[in-house]
Amino acid sequence: MGKGYYISKHLATAAMVLAAIALVTIIALSAVYNREKSKSTAKFSNATTSPVFPTPKTSNEPWDRYRLPDTLSPQYYNVTLWPRLVKNANEMYIFTGISGVMFTCVKKTDLILIHSNKLNLTLFKGHHAKLTGLSGSVTAPAIKTSWFQTETQYLVIQLEGKLKPGKDYCLYTEFTGELADDLEGFYRTTLHKQIALIVISYFFTLETENVIIAGTAITRTIVGPTKRMSTYLIVFVVSDFTYINAKDKKGVRIWARKRAIEDGQGDYAFNITQPILEFFEKYYNTSYPLSIALPDFNSGTMENWGLVTYRETALLYDPRRSANGNKQRIVTVVSHELAHMWFGNLVTVKWWNDLWLNEGFASYVDWNQLILYDLQRAKVQNSTGAAVLKMLSEFLTEPVFAKGLSNYLKQFAFGSSVHLDLWLHLQKVGVKLPYSVHEIMNRWILQMGFPVVTIDTRTGNVSQKHFLLEPEAVVDRKSEFNYELFVPIKWMKKGQVQDQLWLLQKSAIHKPMKVSKNEWVLANLHVSGYFRVNYDLGNWERLLSQLESNHQVLHDNYEKEQASILNITLALRSTKYLLQEYIPWEAALRNLNYFFQLFDRSEVYGAMQAYLKKQVKPLFEYFGTIRQIFHMPYLEYTMNPEKIRKQDATSTIGYIASNIIGQPLAWDFVRANWDYFFKLYGTGSFTFSRLISDVTNRFCTPFELSQLKCFQKDSAETGFGLGTQALQQAIEKTTAKIKWLEENKEAVLQWFLSESA
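Counting from 253, one number per residue, gives the positions in the sequence shown under my numbering.
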């Protein structure tokens, strides 16, 4: 998502001055999840450069905090934007604008903070803004001083006197900014690249006219007031796109390049959007409160209210060239973004620590809509938030869950909330639980990770333990719950579903789970809970015989053997029962990929290939093919936007790194050009952390571990930004793999040799 140039929380009125052009698209996304912290700022000849006052990191001043104070409440915004699509005398593309913010004083204050980034503001009597009262009886205090706080991206305005509670004021600014092609903020991109849009009409045009301003003929469009919303949902697009139009009250439109629309590439997305909206309206029991594909779009998609932006690859489908897999991706992505129209847009979170709720619900609902036939796959793909919410809906029951959601959305429509508000509304619907929803769910969302539940069918003992991929790792993050959870366990015995069990402590005896040698127990049915399950060896042996009809245990096996909970050969034995069915092979492929990354450079690889070829010959080609078509030229292209678009650079490197030959080349390339990639993606792109993960995925040797640590040390001055956690995780995973190989490599080799003979 782009970076902001102003901020609002409430009703907005936008008046946009837009130049009439072709072949250029400009996108602005305001106040988004991650903000640019680049040290460089654009210089403009027609605007005044302002001083930056540095503040020590220990400062607790309001302008050094990322949360705005609660002293002022914006009511609406009046914004004019004029993008100049011809270079100025300094060979730069720029835009100019005017902003009027009408706000109410809630608490007496002499300070105004408003977000501003990479803008040059016109000075009025030496200050960056003008302040006036909105009624005749209110006189605004004079401005004492104003400056930009770069780290927190504030325009700071200190006043000579205090603003009065209950009184309304207007803050007026004029500004100039650069229309750069850096995918940040208000940016430009050429139409011969790839972007597309879905528009679900809400914003309506009041007036469009051709006028002359400062000797320049332009087209001016005035847009009517919006609903109350968060500013990160606002988007402006100027283009010569054309569209497919729906003749219904929702006014669904798919916008894209004229050629793409004429070739029918928007038809598939057009045909699925209306049914998806109707599904969500029914599911949420709330009408749609208020969608375009873009050539260059850093985030892939963005759930802007009424104008959902996508890369073309996420929205357009060419019946002549696209694979069937593209259809699945389009349905999933469109469904996810439209789900945000309710969860995230109609009701949004008060602060980013609850962002998991927005994303979790979007993933959960599109999961319910699209992947009910394949919960195993959904478990693997979707977010932790979605998995936790799925578990919540399971133990509440879906009707209770849906009713609670509907009540919650109606209560907080066009406002914000915290996760506790949701727990309360779900509790009010009424269902018998061992503890309140609040008490149960806080243990799941306020503690990291998830548990592994161990069932001993010899005694009926059921226990839980914090799951760690590296069993000997030290967990230094304390938890008030001591990493104990209230675990809902759906289970069956010898094919018969039993009453749900709640595990409310570290360990408990549940006598019905004590079985004879002819019976077996299977827990976490349909992967409904966010936890792994382990059993005594006897029950594992009995479960292996059930794999021909029930494949759930497959994924759990690999997760636990990676964490040294389960014997490796027992996990491998589960692959002997794979059939020509999608679900078990999907789980197997995803988990066997871990083996390929570990062994494709060792003597184990040949034996593993031979075994898999014996199991299913058609799929052997999938495992055995090594693509050698990339290498250095394509890596170099990622630094040349004329060859590979900036939005696709990190994914291209990741794709090359997924190849056994390309991986070391990609790793060396990223290290050699770290300053470049960090400056471009390190503080503003969600794909940056995946770049580090992709180029280090195969690491499993002491030499590679030493390379990682050297890289961490040598690049510390540049920094790692959004990739900091990914780098630390790469070091931890590599350490765990080294130990795992020391303990299991020989056993794996001997097993594959014996089974492929």
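In this text, a Cβ means the ideal position worked out from N, Cα and C, and glycines have one as well.
N- and C-terminal bounds of the alpha helix (DSSP H) containing residue i
{"i": "residue 908", "result": "898-909"}
{"i": "residue 604", "result": "Looking at the DSSP string, residue 604 is not in any alpha helix (DSSP H), and its letter there is neither H nor E."}
{"i": "residue 962", "result": "954-966"}
{"i": "residue 986", "result": "976-1008"}
{"i": "residue 861", "result": "856-867"}
{"i": "residue 689", "result": "689-697"}
{"i": "residue 526", "result": "519-536"}
Contact under 7 Å by Cβ, residue i with residue j
{"i": "residue 378", "j": "residue 393", "result": "no"}
{"i": "residue 856", "j": "residue 1001", "result": "yes"}
{"i": "residue 887", "j": "residue 921", "result": "yes"}
{"i": "residue 714", "j": "residue 786", "result": "no"}
{"i": "residue 681", "j": "residue 652", "result": "yes"}
{"i": "residue 861", "j": "residue 949", "result": "no"}
{"i": "residue 568", "j": "residue 528", "result": "no"}
{"i": "residue 538", "j": "residue 661", "result": "yes"}
{"i": "residue 820", "j": "residue 999", "result": "yes"}
{"i": "residue 852", "j": "residue 912", "result": "yes"}
{"i": "residue 405", "j": "residue 367", "result": "yes"}
{"i": "residue 342", "j": "residue 428", "result": "no"}
{"i": "residue 346", "j": "residue 430", "result": "yes"}
{"i": "residue 740", "j": "residue 752", "result": "yes"}
{"i": "residue 365", "j": "residue 415", "result": "no"}
{"i": "residue 737", "j": "residue 772", "result": "no"}
{"i": "residue 826", "j": "residue 646", "result": "no"}
{"i": "residue 616", "j": "residue 702", "result": "no"}
{"i": "residue 460", "j": "residue 473", "result": "yes"}
{"i": "residue 982", "j": "residue 957", "result": "no"}
CB contact check: residue i to chain D, cutoff 7 Å
{"i": "residue 889", "result": "Note that chain D does not occur in the displayed structure, where there is just one protein chain."}
Residue i versus residue j: straight-line alpha-carbon distance, rounded
{"i": "residue 954", "j": "residue 962", "result": "12 Å"}
{"i": "residue 755", "j": "residue 597", "result": "36 Å"}
{"i": "residue 577", "j": "residue 990", "result": "35 Å"}
{"i": "residue 462", "j": "residue 469", "result": "7 Å"}
{"i": "residue 669", "j": "residue 480", "result": "14 Å"}
{"i": "residue 650", "j": "residue 644", "result": "9 Å"}
{"i": "residue 1010", "j": "residue 906", "result": "Because the chain is modelled from 253 through 1009, residue 1010 falls outside the range shown and cannot be assessed."}
{"i": "residue 370", "j": "residue 898", "result": "20 Å"}
{"i": "residue 727", "j": "residue 979", "result": "18 Å"}
{"i": "residue 316", "j": "residue 403", "result": "8 Å"}
{"i": "residue 895", "j": "residue 889", "result": "5 Å"}
{"i": "residue 376", "j": "residue 349", "result": "15 Å"}
{"i": "residue 935", "j": "residue 926", "result": "13 Å"}
{"i": "residue 422", "j": "residue 729", "result": "46 Å"}
{"i": "residue 581", "j": "residue 566", "result": "7 Å"}
{"i": "residue 666", "j": "residue 356", "result": "18 Å"}
{"i": "residue 575", "j": "residue 358", "result": "56 Å"}
{"i": "residue 973", "j": "residue 323", "result": "32 Å"}
{"i": "residue 585", "j": "residue 466", "result": "44 Å"}
{"i": "residue 689", "j": "residue 761", "result": "24 Å"}
{"i": "residue 607", "j": "residue 331", "result": "28 Å"}
{"i": "residue 997", "j": "residue 1004", "result": "11 Å"}
First and last residue of the uninterrupted beta strand (DSSP E) at residue i
{"i": "residue 745", "result": "743-745"}
{"i": "residue 399", "result": "395-401"}
{"i": "residue 355", "result": "346-357"}
{"i": "residue 328", "result": "324-335"}
{"i": "residue 361", "result": "361-367"}
{"i": "residue 703", "result": "703-708"}
{"i": "residue 413", "result": "406-415"}
Residue closest to residue i, alpha-carbon to alpha-carbon, out of the options
{"i": "residue 418", "options": "433, 389, 397", "result": "389"}
{"i": "residue 636", "options": "658, 932, 610", "result": "610"}
{"i": "residue 696", "options": "488, 671, 708", "result": "671"}
{"i": "residue 314", "options": "909, 408, 370, 326", "result": "408"}
{"i": "residue 311", "options": "522, 401, 894, 694", "result": "401"}
{"i": "residue 517", "options": "359, 926, 494, 927", "result": "494"}
{"i": "residue 655", "options": "675, 667, 638", "result": "675"}
{"i": "residue 712", "options": "928, 323, 788", "result": "788"}
{"i": "residue 750", "options": "774, 731, 732, 734", "result": "774"}
{"i": "residue 717", "options": "706, 512, 725, 360", "result": "706"}
{"i": "residue 396", "options": "410, 383, 723", "result": "410"}
Residue ranges of each alpha helix (DSSP H) within the region 649-681, 4 or longer = 650-663, 671-681
For the region 557-595, which segments carrying the alpha helix (DSSP H) assignment without a break, of at least 4 residues, lie completely within its bounds, in sequence order?
-> 576-591
For the region 735-779, which segments carrying the beta strand (DSSP E) assignment without a break, of at least 3 residues, lie completely within its bounds, in sequence order?
-> 739-741, 743-745, 753-755, 759-761, 773-775
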